[in-house]
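Order-wise, the sequence lines are chains L and X.
Just so we're aligned: the first sequence equals residues 175 to 368 in my numbering.
Just so we're aligned: the second sequence equals residues 175 to 368 in my numbering.
Here a beta-carbon is modelled for each residue, glycine too, at the ideal position from N, C-alpha and C.
Beneath this line is the structure, given in structure tokens, with notes to follow.
Number of protein chains: 2
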Amino acid sequence: MLRVREDAIVSSVNRLLAEKGFDAMTVDEVAADVGIAKASLYKHFASKEALAAAAMVRVLERALQTIESQSAHAEASAFERLRAVTRWTLEVQLAGEMPSLPSQNSSLRTTLIADKVYVDLVMEVSERIGEWIVQAQADGAITPKLPPEVILYTLFARACDPVLGFLKATGQHSDEQIVDWVLSTCLDGLAARP
Amino acid sequence: MLRVREDAIVSSVNRLLAEKGFDAMTVDEVAADVGIAKASLYKHFASKEALAAAAMVRVLERALQTIESQSAHAEASAFERLRAVTRWTLEVQLAGEMPSLPSQNSSLRTTLIADKVYVDLVMEVSERIGEWIVQAQADGAITPKLPPEVILYTLFARACDPVLGFLKATGQHSDEQIVDWVLSTCLDGLAARP
DNA sequence: GTCTATAAGAGGATAGAC
DNA sequence: GTCTATCCTCTTATAGAC
């Protein structure tokens, strides 16, 4: 019962974080969305920051599942795996399921780095992706000009790329078309290829 | 006198918006930073949203100046002009001078679209950049696979690219190196080029 | 664990004197 | 136009009954 209730809370938080961002999301909204009193929320989570951390943990667990499902494809190259995971990230964001947190909020940052589960998941995801990047560079599929660190950050940043929202707001393109375009700008760049 | 005072206000707002974002910036902070009373601020600007709009107008004017200085280079190609303006955008952001606004805040959005000066500047910048994009595609310098609209949004999004901040936070790279890397990921992509 | 009610404080905006 | 002092709303968080 408790597990189910908390899962419902995290689902609401996840959606509201994706829709309005951390600052604009209020705890009252979360309580109303879940259908319980605000005081009850605080019996499950100590603070608004803890709610956000729980949402981040869940999306990171989903990311790790996606990474592992890609690892299961023995025939796929490292580059293909990176593309698949990046595509998943774009799809999640376009579906309104990617929580967005301000990177400069200090109280939020404090709560996050104090959360061992969250930190461990970030490390795990970074290491798994990092290995693929090094492999893809060795394969000649990803440019050797850029440090793996730059590649990693660039891929992570797709989770909050505003271009998806801009294109969706025009209402003129399918979600699949938008994802394909943004994936192309990320991997192939804007400059023409011979 | 009034012009100088308001210019000082906009400078403070611009820096605080770049540093903390719209939600985290308080009007009290702005007043303290300028060195005047909060009530005096409201004699110059009607609301917090109006302060943000003024900061956006100023950065757009700077952008337009940069665009026009590029137009003056008769020998430069459209692609080279796009690269130069994008580089300028990255440099401004890395210098902590690029105001960042939440794209989903409704009261802010209402104030912005009601501001004719702001809207006209956005249109002007979009049209100037848009012409270069079409030209660069005709020149074969930018990929014809992507609609100009997608190119435009992708370039605009560099103004709030979090990768710059991530790389700067490591403290291991010069600003110039960071700008070069991000410019390369944007124009050349992550995939290796033959 | 859930509720109602409320504390505590931050922050946007204004009144009114000078 | 600048100031001090204040209003008022919104929001996080908690008290205490059941």
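- Runs of beta strand (DSSP E) with 3 or more residues, each lying fully within the region 267 to 343 of chain X, are absent.
- Of all alpha-carbon atoms in X:E180, X:L238, X:G304, the one lying nearest the alpha-carbon of X:A228 is that of X:E180.
- For L:A248, the secondary structure class from DSSP, reduced to helix, strand or coil, is coil.
- Distance from the CA of L:A192 to the CA of L:G270, rounded to the nearest whole angstrom, comes to 6 Å.
- Less than 8 Å divides the Cβ of X:F253 from the Cβ of X:D313.
- Proximity to L:K222 across L:I210, L:G339, L:Q311, L:A205 peaks at L:A205, based on C-alpha coordinates.
- Counting only runs of 4 or more residues that sit fully inside the region 178 to 250 of chain X, the alpha helix (DSSP H) segments are 201 to 208, 212 to 218, 222 to 245, in chain order.
- Classified as exposed, X:P368 has fewer than 16 neighbouring CB atoms from the shown chains inside 10 Å of its CB.
- Judged by their CB atoms, X:D349 and X:L268 are nearer to each other than the 8 Å cut-off.
- About 15 Å separates the beta carbon of L:L357 from that of L:A310, a gap too long to meet the 8 Å contact definition.
- DSSP places L:A366 outside both helix and strand once states are collapsed to three, so it counts as coil.
- Proximity of chain L to X:I241 at the Cβ level (cut-off 9 Å) is not reached, the minimal Cβ distance being about 18 Å.
- CA-CA distance, X:T285 to L:S300, rounds to 40 Å.
- With contacts defined by Cβ atoms closer than 8 Å, X:A258 and L:Q278 do not form a contacting pair.
- In this structure, X:E242 is the residue among X:I210, X:E249, X:E242 with its C-alpha nearest to the C-alpha of X:I303.
- Comparing alpha carbon positions, the residue from L:P273, L:F219, L:I183, L:R189 closest to L:G209 is L:I183.
- Contact check for L:V324 and X:T263: beta-carbon distance about 18 Å, past the 8 Å limit, so the pair fails to qualify.
- Between X:M230 and X:Y292, the gap from beta carbon to beta carbon is short of 8 Å.
- Nearest Cα to L:F340 within the set X:Q346, X:H347, X:L341, X:L329: X:L329.
- If you draw a 10 Å sphere on the C-beta of X:A213, you find fewer than 16 other C-beta atoms in it, and that means exposed.
- When CB distances to chain L are screened at a threshold of 9 Å, the residues of the region 188 to 199 of chain X falling below it are E193, K194, G195, F196, D197, A198, in chain order.
- Looking only at L:R177, L:D294, L:S281, the smallest Cα-Cα distance to L:A224 is reached by L:S281.
- Between the alpha carbons of L:L361 and X:L320 lies a distance of about 13 Å.
- Residue contact with chain X for L:R367: present (Cβ-Cβ distance below 8 Å to some residue of chain X).
- Its chain contains L238 as the residues whose beta carbon lies nearer than 7 Å to that of L:E298, once the 5 sequence neighbours on both sides are disregarded; these appear in chain order.
- Leaving aside the five residues that flank X:W306 on each side, the residues in its chain whose CB is nearer than 7 Å to its CB run, in chain order, A252, R255, L256.
- For the region 264 to 297 of chain L, the beta-carbon criterion of a distance under 8 Å to any beta-carbon of chain X is satisfied by P276, S277, Q278, N279.
- Chain L has a Cβ within less than 8 Å of the Cβ of X:K319.
- Only residues of its own chain outside the window of five on either side were considered, and among them Q244 have a CB closer than 7 Å to the CB of X:A250, listed in chain order.
- Bounds of the alpha helix (DSSP H) holding X:Q351 are 349 to 361.
- In terms of beta-carbon proximity, X:V337 lines the interface with chain L, with at least one pair separated by less than 8 Å.
- Using a CB distance below 7 Å, no part of the region 199 to 222 of chain X faces chain L.
- A Cβ-Cβ separation of about 6 Å places L:F196 in contact with L:P276 under the 8 Å criterion.
- The beta carbon of X:I325 sits closer than 8 Å to some beta carbon of chain L.
- Taking 8 Å as the upper bound for CB-CB distance, L:D202 and L:S186 are not in contact here, some 12 Å apart.
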